[in-house]
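Okay, structure first, notes after.
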């Protein structure tokens, strides 16, 4: 076990989005098996809050599975798009092709 | 934005493991682009610490991509295996077939 990092010295993982075949079925399974809170749900995706980060459940045809980091240098990765909830982000790919969202830390 | 949950009332996401093609290449990319700490690295996998959770980089032939939750009810999911670092866990699959590790919260 490593000690907890000093707050603010490392970047955060804001959320992780995984592919499921049916949103309602997946929400039912995750909320039955884990202590989490549904913060959004429709037919194409859902957002579950855990103690330390968020889990997004997505249908791959509608939203790509991805990771989202918060970074104070987000704008260095590309033009930031402002979303409906006020957050700003851009997408890049890691060397293996994984889709990575980079959100402004402010 | 939702308020932070009361500590201890929701389960934690201990780590997330994603597939990459080359561990050293991926470690170089993530540590160059994000503020994170390498807590383990060999030729088949690496563990990166972020502020709120851990990111594991794995070669899919060696380790399956998965999520790990901590749960006070971990033993209810199956017999717990004790790992070298003293943690105990079991694996299940969600309805879509995603591999989910459930770690004892203690």
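Chains as they are written, first to last, in this note's numbering: chain A, 1 to 106; chain B, 107 to 212. Yeah, the Cβ is synthetic: ideal placement off N, Cα and C, and Gly gets one too.
Item to check | DSSP three-state assignment for residue 126 of chain B, whether helix, strand or coil | outcome: Indexing the second chain from 1 puts residue 126 of chain B at position 20. Residue state, collapsed to three classes: coil.
Next on the checklist: Using the three-state DSSP reduction, which class does residue 68 of chain A fall into: helix, strand or coil?
Outcome noted: The residue you call residue 68 of chain A lines up with position 68 of the first chain. Note: residue 68 of chain A maps to strand in three-state DSSP.
Next on the checklist: So with CB distances below 8 angstroms, who are the chain A contacts of residue 141 of chain B?
Outcome noted: Locating residue 141 of chain B in the second chain gives position 35, counting from the first residue. By Cβ distance, chain A contributes 9, 10, 11 and 71.
Checklist entry - Per DSSP, what kind of secondary structure is residue 207 of chain B in: helix, strand or coil? => result In the second chain, residue 207 of chain B corresponds to position 101, counting from 1. The answer is strand: DSSP assigns residue 207 of chain B an E or B state.
Item to check | Touch test, the region 120-127 of chain B against the region 80-97 of chain A, Cβ-Cβ under 8 angstroms, three pairs minimum | outcome: yes
Next on the checklist: At the 7 angstroms Cβ level, is residue 105 of chain A part of the contact set with chain B, yes or no?
Outcome noted: Position 105 of the first chain holds residue 105 of chain A. Not an interface residue.
Checklist entry - Hey, would you say residue 141 of chain B sits closer than 7 angstroms to residue 11 of chain A, going by beta carbons? => result As a working note, residue 141 of chain B is residue 35 in the second chain. As a working note, residue 11 of chain A is residue 11 in the first chain. Yes. Within cutoff.
Item to check | Cβ contact check for the region 162-181 of chain B and the region 204-211 of chain B: 3 or more pairs under 8 angstroms | outcome: yes
Checklist entry - Hey, would you say the C-beta of residue 127 of chain B is under 6 angstroms away from at least one heavy atom of the ligand FAD? => result In the structure shown, the ligand FAD is absent, as is every other ligand, since no ligand is present at all.
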